[in-house]
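Let me begin by presenting the structure, written as structure tokens, before commenting on it.
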Amino acid sequence: MEQRSLKNYTGLGDKLLISLNLRSEEVERTLLMFAVYTLTSVGLIWLELSTVSLFLDQYGADKLPWIYIASAVIGSGLGFVYSWLQKIMPLRRVIIVILLLMAAPLFLFRFGIGIENVQITGLSLAFLTTFMMWLWVEACYLLNDLNTSITANQLFNIREIKRTYPIISSGFLVAGVISGFSLPLILYFVGLSNVTIISGLMIVCGSGILLFLSEKYQQSFPDSSRWIPEEDEQEFSTRNIQGPLQGYILPLIIFFVIAEVLYVLIDFQFFYQLELQNPTTDGASQIATFLGLFEGVLSTCQVATQWFASSRLVERIGVFGTAMILPIGAIALGLFSFTGAITGLFSVFIGLVILRFLDELLHYTLIETTGPVLFQPLPENIRSDVQTMVNGVAEPFSTGLSGLIILAILWLCRLILNPSHSGFQDQQGLIFVIAILISGFVWLGVIWLIRSQYIGLLVRSAGKGRLGVLDVDMRALKRSVVETLQKGTAEEDKRSCIELLSQIDKKNVGEILAPLLPVMSSELQRQSLEVMLNHPNPTYLEQLRSLVQTSIPPEVLALALRYIWLTESEPEINQIRPYLQPSVDPVVRGTAAALIMRRGDRGQKAEATNVLRRMITSKLEKERVMGVRALGEADYLQGLRLYVPSLLQDESLRVRKYCMDVIAATRLESYYPSLLRGLSYKSTREAALQALVRLGNDGIPMLVKLADDSHKSDLVRLQAWNAIGEIGTIEALDALVNRMMTTWGITRRNILRRLLTMPGEVGIEGVLERVGRSGVEILIEQELMFMGQVYAGIVDLSRVDMTSTTTLSPIVEEVNGKLSTDYTQMLLRALKLLELDAIERCFLLMKFLYPLGAIQAAAFNIKSDSRSNLARGLEILDNTVDISCKRSLIDILDQNSYEEKLSSLSEMVVYKLMAPSERLRHLLNLRHFLSDWALACCLQMARAARWGLTAEQTLVCLRHPTGFVREAALAYLRMASQRALVELLPNLRSDPDPLVAAQVEQMIVEFGIG
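Anchor point for the sequence shown: position 503 equals 505 in our numbering, and the numbering is continuous, going up by one each time.
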């Protein structure tokens, strides 16, 4: 059985986590956030439904437009309040204060309800209270969503939130089910007027859970801002948005504005008709009961749609097909309501109830699902800005705009209709239905316009390599590729489209490319055929046969012949034998011979073998190159394998490179060592690397053995890790992750870099699947513990002389006309280099948990000499990282003394003051974690200071794979024990390092050893 992970998922709980796409370390935070969002949403929905009931019963729906207008102003204002609070208190306190601010007015509203005899500026206190309650509901929804989003972004990193936030956000839908069906019971037991108190208590309960979360995960929240800009710094100006981007962004904004306008129009008319249906004195309770049941049924359908239908629908009909469902449904139901009301079959209210149900159902499921995808074609540097503009500015503005539109329609109805007429209200309702129909048609037009711009931007994004193909509308993308290939656009764009198509639909790529082959340039034909050959399909044989009959370059002809030959069930040899003639181009001749060797009979294979033999033994380089290249396409070399040794020694570099590919393609195991040796030479390194990658899992054991061989150069070992990373299979990931956990220093750094650069974040996900977030945090803590040992060494060893450790004196000085080496400073500098290496590995490890751009920006600024840049980098890190050791990490990266850095690691490393000699011996006990240079410096320091080392430490260093470490060990042993050195020298004569061997010979002569 394949080992798919370093973890075993066998229990019921683990299977449940897999079904929810969660990891065990995320469960607690996810469930607590889900509980917070559900509790606060239940309270708000109860408050909304009771407020709507009170307002409609007492004051009517005519005043709703003023609420829409005022809510737009309040929504924007509260956004500024939220930002202001973050400036005066820590974020983990802000999120609690916001919930308490939401709850506090709810307890006060209870006293203003029903007080009609108190007038304020001509309006009763009861009206003002109910009016403010509705505004506060709208504001609380905005604050609650913003608070939940910000808190989730702090508690989860960018990769975790993709899995956890869908569960958290479904808390609102679950709250709709709970609050809707429970509201009649609440009304029965506490009454309509007391619902505000119950709602406030629910929000307070949510704040209590959030308080627990914020205290338990303090490291997830940043401290106050530490970046103070310098005087000469200027804020980054607004980016210029023009051309195709401007043509896309404007319709995109209109899309969300029209969506909100349509929502508000339906919302207003629904409440207006609901008021007309409940004119009795007990109308408020009846409205509240109806709304509660309506909300319960609606939310149940929303949960089912969101969990089981939304993503499948997007996959089946595409983003734009999904986005069109709501406007088409609104138009259809609008026409249905209009026809029913005109013919008298049913009232406008019935149609509005159905329309409201559809709008609520699809608005918070399909539109919420497809909306973020529409931002994907935008460049990353402006995407967040545009999303902020849409969500923070356009949507509140559209609510106010909707209020003005409703007031205009009401004024128009009074102007052209007779308000005293008995059918005035129905006529007014029909005019609103017409407005809804117009909005639906406008929305459809905007969606169509966005789609046309979306196609162009997708192609440009693909050409510039910034498109995440997993997050876009695949149907639209494939259509854009076809249109781009058919039009007379730039060759570069077409090449990008073919490459992108091969990534998103490898198996069906021929469906699009095969019909277009005759009209493509020769370069595009070659690229298309190479892509199609990855998954050959006999369906496109006729197009390929037609292509072969035309005049095409030899490279394209060879690829076409290969495609035809591989896809035909019973190929005829006689059709390809003419291509074996010496007059045929070597590219085509070699391909034909290789194909016949695959599927011909004995005689035909012999003929093809002779052709290839003449080619690989020819004096012409091109003949040999094409012959060896063809050998890689044959299944068996038969007698031609005898030529492999000579081909590996061929004077032509191209021949040697293609020979390596032949070894991998035909699995010539006896020549695998030649591939490994090829990694050592610059000329053949790339070819050897690709050949080893082609071996797949078969090459992993010998690559791991080579990478683990400490006697090989760091460059060769790095190439071995790179090859394993390019293989990219489950077994390759297992090998990389296993070594990442057990190696140290430059080896761990190389593995981390290789994992981070694997395409599609395969390496990142592979690490998180195997060791989890907790495993990565353990590795970061290991690095910090190692830095603690380094700091202890710097602090203790800097007491050897009076030189300050903060400003290093030159390592080599001239004393009395002779060069003198300051080994103390040399060792201190080596230790500081170890600190820099460990910090680099910490940043690499953090990239597995957080956005690469944020960590890269933090690292870049922290390395700067500018105080402002350092503060900016620490601020980025403080706002991005939420590991448990964050405070220690930030203190280390800050400009603190080594004593202060050591103190910040007191919880991980217990520091005990040691004498310099004792500290040096302690460092040598940690030799597996030291770099080769630091180890050599320790030995030289011990020799210069005449400090004693243990016999084990000395002997181990004499056997070290690095030459200059063995050289330093010999120098130390000469000082410490010449008797032991004399005994060991004869055994060291065969040292592979010429410098060490020369040193040994010099000592042998010096001591007179025979």
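Glycine is no exception: its CB is placed at the ideal position from the N, C-alpha and C atoms.
Item	Value
By a C-beta neighbour count over all protein chains shown, 10 Å radius and 16 as the cutoff for buried, is I780 buried or exposed?	exposed
Given a threshold of 16 other Cβ atoms within 10 Å of its Cβ, counted over all protein chains shown, does Q488 qualify as buried or as exposed?	exposed
With the cut-off set at 7 angstroms, would you say Y70 and S504 are in Cβ contact?	no
Under 7 angstroms, do G342 and L185 count as touching if we go by C-beta distance?	no
Determine the direct distance from the alpha carbon of I766 to that of Y11, and round the result to whole angstroms.	Model confidence at Y11 stands at a pLDDT of 46, short of 50, so the residue's coordinates are unreliable and nothing is read from them.
What would DSSP say about H962, mapped onto helix, strand or coil?	coil
What are the boundary residues of the alpha helix (DSSP H) that includes G402?	397-418
CB M617 to CB E609, shorter than 7 angstroms?	no
Mind pulling the alpha helix (DSSP H) runs of 4 or more residues that sit fully within the stretch 856-923?	869-882, 888-895, 900-906
Where does D710 sit, in a helix, a strand or coil, going by DSSP?	helix
For S209, report the span of its alpha helix (DSSP H) as first-last.	197-218
Please report the straight-line C-alpha distance between S908 and Y39, rounded to a whole angstrom.	38 angstroms
Examine the Cβ distances between the stretch 883-898 and the stretch 911-922 and report whether three or more of them are shorter than 8 angstroms.	no
Which of the three DSSP states is assigned to W567 in this structure?	helix
Do the stretch 440-455 and the stretch 245-259 make contact, defined as three or more Cβ pairs closer than 8 angstroms?	yes
Applying the criterion that 16 or more other CB atoms from any shown protein chain within 10 Å of the CB defines a buried residue, is R547 buried or exposed?	exposed
By the three-class DSSP mapping on this structure, what secondary structure does V802 have?	coil
How is N536 classed by DSSP in three states: helix, strand or coil?	coil
Ordered along the chain, which non-local residues of its own chain (more than five positions away) have a Cβ less than 7 angstroms from that of E397?	F258, E262
How far does the alpha helix (DSSP H) with F351 in it reach, from first residue to last?	350-364
Which stretch, first to last residue, makes up the alpha helix (DSSP H) that contains S648?	646-650
Is P515 near S498, with beta carbons less than 7 angstroms apart?	Sequence inspection shows Leu at residue 515; the Pro mentioned does not correspond to that position. Not closer than 7 angstroms, so no.
Taking the Cβ atom as the reference point for each residue, do S524 and V558 lie within a distance shorter than 7 angstroms?	yes
Can you confirm whether the stretch 841-859 touches the stretch 768-786 when touching is taken to mean that 3 or more C-beta pairs between the two stretches lie within less than 8 angstroms?	yes
Within the same chain, show all residues whose beta-carbon is closer than 8 angstroms to that of T486, passing over the 5 residues directly before and after it, in chain order.	V461, D495, K496, C499
Which two residues bound the contiguous alpha helix (DSSP H) that contains K607?	604-618
Comparing C-alpha positions only, which one of T964, L957, V967 sits nearest to S979?	L957
Taking just the CA atoms, how far does W723 sit from V817?	Caution applies to V817, whose pLDDT of 40 falls short of 50 and renders its modelled position unreliable; the model cannot decide the point.
In terms of alpha-carbon separation, which member of S43, A1000, G336, M1005 lies closest to L975?	M1005
Over what stretch of residues does the alpha helix (DSSP H) that includes V1002 continue unbroken?	996-1009
Counting pairs of beta carbons, one from the stretch 213-220 and one from the stretch 313-332, are three or more of them closer than 8 angstroms?	no
With DSSP run on the structure shown, which of helix, strand or coil describes Q955?	helix
For L1, does the count of other Cβ atoms within 10 angstroms reach 16, so buried, or fall short, so exposed?	Because the chain is modelled from 3 through 1012, residue 1 falls outside the range shown and cannot be assessed.
With a CB to CB cut of under 6 angstroms and the five nearest residues on each side skipped, what residues in its chain are close to K659?	A689
Under the three-state reduction of DSSP, which class applies to R755: helix, strand or coil?	helix
Nearest by alpha-carbon distance to S349: which of Q271, G592, L175, D710 is it?	Q271
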